[in-house]
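*Asks:*
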């Protein structure tokens, strides 16, 4: 029903059958990943009834279940939620771990994507150390076109804006602490 192969597309029926597969213990990892897709992209009626945040939480919950069972798509999707800071705090370390797991079980991820995440982790390391020293304060770092807000415990988001993935190394021109 989800892909419409040999039958008409019906996302609501697909969701019902995926949930049945889970309850019968049949390919639970794939079923959870597919239900995650239904919620993430508002395909099913039940997902369209939720507000965006709740819908994304449900999608992430299903992706996490899928990932816990070793499913490549589940690993990849959890990694993307961490990379983008959707429903969870933006965390490149976690994104890197999930993307790597996904790649190890056969999901085709561009090596450039993995390198970009690795570069982001390496680039942000000094700011994480500074933020840890300044507990519960926000650090604003501005350099060229990039403005990074790094915040630890007590702030709403850990990294608000990276400017782009092609961060590279450049000289910091300004450092300011905001309470």
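In my numbering, the protein residues as written are 212 to 390.
Quick reminder that beta carbons are idealized off the backbone N, C-alpha and C, glycines included.
Does the beta-carbon of residue 266 have 16 or more other beta-carbons within 10 angstroms, so that it is buried, or is it exposed?
*Replies:* The residue in question, residue 266, is buried, as its Cβ has 16 or more Cβ neighbours within 10 Å.
*Asks:* Compute the beta-carbon to beta-carbon distance between residue 397 and residue 277, rounded to the nearest angstrom, for a pair I have assumed lies under 8 Å.
*Replies:* Only positions 212 to 390 of the chain appear in this structure, which leaves residue 397 out of reach.
*Asks:* Using the Cα positions of residue 296 and residue 290, report the straight-line distance between them to the nearest angstrom.
*Replies:* Answer to the nearest angstrom: the Cα atoms are 10 Å apart.
*Asks:* The alpha helix (DSSP H) that contains residue 248, what's its start and end?
*Replies:* Segment 239-251, the alpha helix (DSSP H) holding residue 248.
*Asks:* Confirm, please, whether the CB-CB distance from residue 232 to residue 282 is below 8 Å.
*Replies:* Against a cut-off of 8 Å, the Cβ pair of residue 232 and residue 282 comes out as no contact.
*Asks:* State the start and end residues of the unbroken alpha helix (DSSP H) segment that holds residue 289.
*Replies:* Start and end: 283-295.
*Asks:* Identify whether residue 300 lies in helix, strand or coil by the three-state DSSP scheme.
*Replies:* Residue 300 falls in the coil class under three-state DSSP.
*Asks:* If you check the beta carbons only, do residue 247 and residue 212 fall under 8 Å apart?
*Replies:* No, these two residues do not count as a Cβ contact at 8 Å.
*Asks:* If you draw a straight line from the C-alpha of residue 235 to the C-alpha of residue 218, how long is it?
*Replies:* Roughly 23 Å separates the two Cα atoms.
*Asks:* Return the CA-CA distance between residue 230 and residue 303, expressed in angstroms with no decimal places.
*Replies:* For residue 230 and residue 303, the distance between alpha carbons rounds to 31 Å.
*Asks:* Measuring CA to CA, which of 300, 260, 309 and 298 is closest to residue 279?
*Replies:* The shortest C-alpha separation from residue 279 is found at 309.
*Asks:* Helix, strand or coil for residue 280 per DSSP?
*Replies:* Three-state result, residue 280: coil.
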